[in-house]
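>
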Amino acid sequence: RAGAGAPRQAHSYETLQVSAPRQHVLHVELNRPSKRNALNVAAWREILSCFEGIARDPECRAVVLSGAGKLFTAGEGPARGRGGTRGDPGGTRRGDAWPRGAGIDLMSFGQEVMPQGDDMARRAWNLRQTIHDFQESFTVLEKCPKPVIVAVHGACIGAGEQGMAGDAG
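In terms of full-length UniProt numbering, the sequence shown opens at residue 1 and continues consecutively.
1) Just how far apart, CA to CA, sit E31 and S19?
2) Roughly how far, in whole angstroms, is the beta-carbon of residue 203 from the beta-carbon of L16, given that I think they are within contact range, below 8 Å?
3) Check whether the Cβ atoms of Y13 and C60 lie closer than 9 Å to each other.
4) Assuming contact is defined by CB atoms lying nearer than 9 Å, are A55 and V140 in contact in what I supplied?
5) Looking only at C-alpha atoms, which of E52, A74, L26 and S137 sits nearest to H153?
6) Quick check on L26: buried or exposed, where buried means 16 or more other Cβ atoms within 10 Å of its Cβ?
7) Only counting the same chain, and skipping five residues up and downstream in sequence, which positions put a Cβ closer than 7 Å to that of E29?
8) Measure how close the beta-carbons of A155 and L39 come, nearest whole angstrom, since I'm counting them as under 8 Å.
9) Between which two residues does the beta strand (DSSP E) carrying residue 258 extend?
10) Apart from the five residues on each side of it in sequence, which residues of its chain come closer than 7 Å, Cβ to Cβ, to V148?
11) Near R122, what residues of its chain come up, given a Cβ to Cβ distance below 6 Å and the 5 sequence neighbours on each side ignored?
12) Could you pull out every residue in the same chain whose Cβ sits closer than 6 Å to the Cβ of R137, ignoring the five residues on either side in sequence?
13) In chain order, what residues of the same chain lie with their CB nearer than 7 Å to the CB of A42, ignoring the 5 residues before and after it?
14) Need the endpoints of the beta strand (DSSP E) that I149 sits in, please.
15) Exposed or buried, I157, counting other C-beta atoms within 10 Å across all chains shown (16 or more means buried)?
16) According to DSSP, simplified to helix, strand and coil, what is residue 177?
Okay, here's the thing in C-alpha coordinates:
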(Lines of atoms letter the chains of each structure in order from A and count residues from 1; the text may use other names and numbers.)
(Lines give C-alpha, C1' and ligand atoms only; values in the text may rest on other atoms or scores of the structure.)
Protein backbone atom coordinates (compact mmCIF):
# COMPACT_ATOMS: atom_id res chain seq x y z
CA ARG A 1 0.00 0.00 0.00
CA ALA A 2 1.45 3.37 -1.02
CA GLY A 3 1.79 6.21 1.44
CA ALA A 4 0.56 9.77 0.92
CA GLY A 5 2.24 11.44 -2.03
CA ALA A 6 3.65 8.21 -3.46
CA PRO A 7 2.49 7.03 -6.86
CA ARG A 8 0.24 4.00 -6.49
CA GLN A 9 0.36 2.85 -10.06
CA ALA A 10 3.37 0.83 -11.10
CA HIS A 11 3.30 2.17 -14.65
CA SER A 12 5.23 5.35 -15.34
CA TYR A 13 4.01 7.73 -18.00
CA GLU A 14 5.72 10.07 -20.42
CA THR A 15 2.96 12.71 -20.42
CA LEU A 16 1.20 12.15 -17.09
CA GLN A 17 2.28 12.25 -13.48
CA VAL A 18 0.22 10.19 -11.04
CA SER A 19 0.45 10.64 -7.28
CA ALA A 20 -1.61 9.86 -4.20
CA PRO A 21 -1.78 13.11 -2.19
CA ARG A 22 -4.24 11.58 0.30
CA GLN A 23 -5.52 8.15 1.13
CA HIS A 24 -8.03 6.97 -1.50
CA VAL A 25 -7.35 9.97 -3.79
CA LEU A 26 -5.27 9.93 -6.96
CA HIS A 27 -3.96 13.07 -8.63
CA VAL A 28 -3.41 12.74 -12.38
CA GLU A 29 -1.50 15.66 -13.83
CA LEU A 30 -1.03 16.43 -17.52
CA ASN A 31 2.74 16.83 -17.44
CA ARG A 32 3.91 18.66 -20.57
CA PRO A 33 4.22 22.22 -19.25
CA SER A 34 6.77 23.27 -21.89
CA LYS A 35 4.12 22.41 -24.52
CA ARG A 36 1.34 23.87 -22.36
CA ASN A 37 0.03 20.34 -21.84
CA ALA A 38 -0.93 20.00 -25.49
CA LEU A 39 -2.16 16.55 -26.34
CA ASN A 40 -0.01 14.26 -28.48
CA VAL A 41 -0.45 10.61 -29.43
CA ALA A 42 1.35 9.43 -26.28
CA ALA A 43 -0.92 11.56 -24.06
CA TRP A 44 -4.09 10.18 -25.64
CA ARG A 45 -2.91 6.60 -25.12
CA GLU A 46 -1.66 7.23 -21.59
CA ILE A 47 -4.90 8.90 -20.50
CA LEU A 48 -6.77 5.81 -21.65
CA SER A 49 -4.35 3.41 -19.93
CA CYS A 50 -4.21 5.46 -16.74
CA PHE A 51 -7.96 5.79 -16.27
CA GLU A 52 -8.61 2.16 -17.15
CA GLY A 53 -6.18 1.30 -14.32
CA ILE A 54 -7.84 3.76 -11.95
CA ALA A 55 -11.24 2.18 -12.67
CA ARG A 56 -9.86 -1.16 -11.44
CA ASP A 57 -7.98 0.28 -8.42
CA PRO A 58 -9.93 -0.70 -5.28
CA GLU A 59 -7.93 1.77 -3.13
CA CYS A 60 -8.95 4.77 -5.24
CA ARG A 61 -12.22 6.50 -4.39
CA ALA A 62 -11.74 9.83 -6.23
CA VAL A 63 -9.49 11.37 -8.89
CA VAL A 64 -8.28 14.92 -9.43
CA LEU A 65 -7.13 15.75 -12.96
CA SER A 66 -5.02 18.88 -13.42
CA GLY A 67 -2.35 20.34 -15.67
CA ALA A 68 1.25 21.22 -14.80
CA GLY A 69 2.47 24.74 -15.49
CA LYS A 70 0.63 27.94 -16.32
CA LEU A 71 -2.52 26.42 -17.79
CA PHE A 72 -4.61 23.27 -17.84
CA THR A 73 -4.16 22.47 -21.54
CA ALA A 74 -3.60 24.20 -24.85
CA GLY A 75 -5.71 21.40 -26.29
CA GLU A 76 -6.01 22.19 -29.95
CA GLY A 77 -4.44 25.70 -29.69
CA PRO A 78 -2.75 26.85 -32.91
CA ALA A 79 -2.51 23.33 -34.24
CA ARG A 80 -0.40 24.22 -37.22
CA GLY A 81 2.41 25.49 -35.02
CA ARG A 82 1.83 29.20 -35.59
CA GLY A 83 2.26 31.54 -32.66
CA GLY A 84 -0.75 33.50 -31.49
CA THR A 85 -3.14 34.13 -28.68
CA ARG A 86 -6.44 32.42 -28.02
CA GLY A 87 -8.37 35.30 -29.60
CA ASP A 88 -5.82 35.58 -32.41
CA PRO A 89 -4.63 32.09 -33.35
CA GLY A 90 -2.77 33.33 -36.41
CA GLY A 91 -0.52 35.50 -34.26
CA THR A 92 -1.21 38.77 -36.05
CA ARG A 93 -1.64 40.78 -32.84
CA ARG A 94 0.90 41.16 -30.08
CA GLY A 95 0.23 39.41 -26.79
CA ASP A 96 0.99 36.32 -24.77
CA ALA A 97 1.71 34.00 -27.68
CA TRP A 98 1.31 30.26 -27.51
CA PRO A 99 4.66 28.53 -27.97
CA ARG A 100 5.39 27.15 -31.40
CA GLY A 101 4.04 23.63 -31.57
CA ALA A 102 1.44 24.07 -28.79
CA GLY A 103 -1.87 22.36 -29.39
CA ILE A 104 -2.27 18.95 -30.89
CA ASP A 105 0.94 17.64 -32.42
CA LEU A 106 -0.33 17.26 -35.98
CA MET A 107 2.79 15.57 -37.32
CA SER A 108 2.49 12.68 -34.88
CA PHE A 109 -1.27 12.54 -35.39
CA GLY A 110 -0.88 12.57 -39.16
CA GLN A 111 1.35 9.51 -39.03
CA GLU A 112 -1.08 7.80 -36.68
CA VAL A 113 -4.38 8.79 -38.28
CA MET A 114 -3.62 8.47 -41.98
CA PRO A 115 -3.70 4.74 -42.67
CA GLN A 116 -1.35 3.45 -45.33
CA GLY A 117 -2.19 1.14 -48.22
CA ASP A 118 -3.98 1.13 -51.55
CA ASP A 119 -7.34 -0.32 -50.47
CA MET A 120 -9.61 2.71 -49.79
CA ALA A 121 -12.17 0.67 -47.86
CA ARG A 122 -9.49 -0.70 -45.53
CA ARG A 123 -7.96 2.79 -45.10
CA ALA A 124 -11.40 4.22 -44.25
CA TRP A 125 -12.09 1.41 -41.76
CA ASN A 126 -8.68 1.90 -40.11
CA LEU A 127 -9.22 5.68 -39.93
CA ARG A 128 -12.61 5.10 -38.27
CA GLN A 129 -11.00 2.77 -35.72
CA THR A 130 -8.20 5.26 -34.99
CA ILE A 131 -10.69 8.09 -34.42
CA HIS A 132 -12.70 5.79 -32.13
CA ASP A 133 -9.55 4.97 -30.15
CA PHE A 134 -8.70 8.67 -29.68
CA GLN A 135 -12.29 9.45 -28.66
CA GLU A 136 -12.05 6.70 -26.06
CA SER A 137 -9.38 8.81 -24.30
CA PHE A 138 -12.18 11.20 -23.37
CA THR A 139 -15.01 8.75 -22.78
CA VAL A 140 -12.79 6.81 -20.36
CA LEU A 141 -13.14 9.82 -18.02
CA GLU A 142 -16.93 9.65 -18.28
CA LYS A 143 -16.95 5.88 -17.80
CA CYS A 144 -14.66 5.97 -14.77
CA PRO A 145 -16.64 4.63 -11.79
CA LYS A 146 -14.76 7.00 -9.47
CA PRO A 147 -15.63 10.71 -9.29
CA VAL A 148 -13.22 12.67 -11.52
CA ILE A 149 -12.69 16.28 -10.49
CA VAL A 150 -11.09 18.35 -13.25
CA ALA A 151 -9.10 21.20 -11.70
CA VAL A 152 -8.92 23.69 -14.57
CA HIS A 153 -6.57 26.63 -14.15
CA GLY A 154 -5.50 29.18 -16.71
CA ALA A 155 -6.65 28.28 -20.21
CA CYS A 156 -8.51 25.15 -21.23
CA ILE A 157 -8.77 25.11 -24.99
CA GLY A 158 -9.97 22.81 -27.76
CA ALA A 159 -9.69 19.13 -26.94
CA GLY A 160 -9.29 19.89 -23.23
CA GLU A 161 -12.45 21.96 -23.13
CA GLN A 162 -14.49 19.58 -25.25
CA GLY A 163 -13.33 16.29 -23.75
CA MET A 164 -11.73 16.61 -20.36
CA ALA A 165 -13.32 19.65 -18.77
CA GLY A 166 -16.84 19.00 -20.00
CA ASP A 167 -18.89 22.10 -19.15
CA ALA A 168 -16.00 23.93 -17.45
CA GLY A 169 -14.76 25.59 -20.66
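Ideal placement from N, C-alpha and C gives every residue a C-beta, glycine not left out.
Taking the structure as given:
1) Checking the sequence shown, residue 31 turns out to be Asn, not Glu. The C-alpha of S19 is placed about 12 Å away from the C-alpha of N31.
2) There is simply no residue 203 to check, as the chain begins at 1 and stops at 169 in what is shown.
3) no
4) yes
5) A74
6) buried
7) L16, Q17, S66, G67 and A68
8) The pair is not a contact, with the Cβ atoms about 14 Å apart (cut-off 8 Å).
9) The structure shown does not extend to residue 258, since the chain is modelled only from 1 to 169, so the question has no answer here.
10) V63, L65 and L141
11) none
12) Note on residue identity: the sequence assigns Ser, not Arg, to residue 137. Answer for S137: W44, I47 and L48, listed in chain order.
13) E14 and T15
14) Its beta strand (DSSP E) spans residues V148 to V150.
15) buried
16) Outside the shown range of the chain, which is 1 to 169, sits residue 177, and nothing can be said about it.
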